[in-house]
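Whatever position you read off the sequence shown (first residue = 1), add 191 for our numbering.
We put the beta carbon where it would ideally sit given N, CA and C, even for glycine.
First comes the structure, then the notes that go with it.
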Amino acid sequence: VRIAVAVGLLALLLTGVDWAIVLSHIERMTPAVVLLVIVAFAVQLGVSSWKWQWALRIHRLNFPYTFLTRVLVIGFFLNNFLPTSTGGDAYRVYRTLPPTPPKSRAISAVLLERVVGLMALLLLGLAGALALYATNDLARAYVMLAAVGSAVLTALVVLMRLRTPRLPQSRWLAPTRENLRTIATARGAWLPLIGISLLFQAQAILIIFELFRALDVP
192 VRIAVAVGLL ALLLTGVDWA IVLSHIERMT PAVVLLVIVA FAVQLGVSSW
242 KWQWALRIHR LNFPYTFLTR VLVIGFFLNN FLPTSTGGDA YRVYRTLPPT
292 PPKSRAISAV LLERVVGLMA LLLLGLAGAL ALYATNDLAR AYVMLAAVGS
342 AVLTALVVLM RLRTPRLPQS RWLAPTRENL RTIATARGAW LPLIGISLLF
392 QAQAILIIFE LFRALDVP
């Protein structure tokens, strides 16, 4: 079903494309721009491996950078080849399962990497929204939503510090409790993960910007 839906959506997309305009855009692309984007993607994969390595370190899992890069590239291929983007993450979890419990640390590391990456992207989006605040309605709505979300998040953090939430005492939730405890005590290890996540998202924005600029789109 997933394959059928994916093929159907791609067919719908392709039939709605004005190929004459596409060809005119392709003619504007220069070898230098294509090479720049390919190199930027390659560098981004390397940064992504670095980011994942720090997420694993927070969970007290240490793997060589070259090994993680190889696994990440295979996972990147699976994400682009399969109808969903979960295949690559599942492969990454499988290759980094620790020999000692809790084995769920591999899952938690990928989830943490994804969450921190999303927060980094939202933060960069806020910076862009603030720059466009005076001239763009969508930017003003983004800033307002960010302000409300920050207030709610701050309130939740205060409540959690006043009264530590307790998960139900179940052996099935024991790995989750252990992972949350490990993440909460990481402290200094968070800074490299946040910084690398910001670098990764900035690279993604740069790649998109260069492609639009190459097509002479303002």
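Exercise. CA-CA distance, Val284 and Val264?
Worked result: 14 Å
Short check: CB of Lys242 to CB of Phe391, under 8 Å?
yes
Checklist entry - Which of helix, strand or coil does DSSP assign to Asp328? => result helix
Review point. In chain order, what residues of the same chain lie with their CB nearer than 7 Å to the CB of Leu227, ignoring the 5 residues before and after it?
Key: Glu401
When you compare the CB positions of Leu236 and Phe268, do they come within less than 8 Å of one another, or not? no
What residue does the alpha helix (DSSP H) around His250 start on, and which one ends it? It is not in any alpha helix (DSSP H) - His250 carries neither H nor E in the DSSP assignment.
Looking at the structure shown, is Lys294 part of a helix, part of a strand, or coil, going by DSSP?
coil
**Message:** Need the endpoints of the alpha helix (DSSP H) that Ala395 sits in, please.
**Reply:** 381-405
Closest by C-alpha distance to Asn253, when choosing among Ala300, Leu201, Ser215, Leu312:
Ala300
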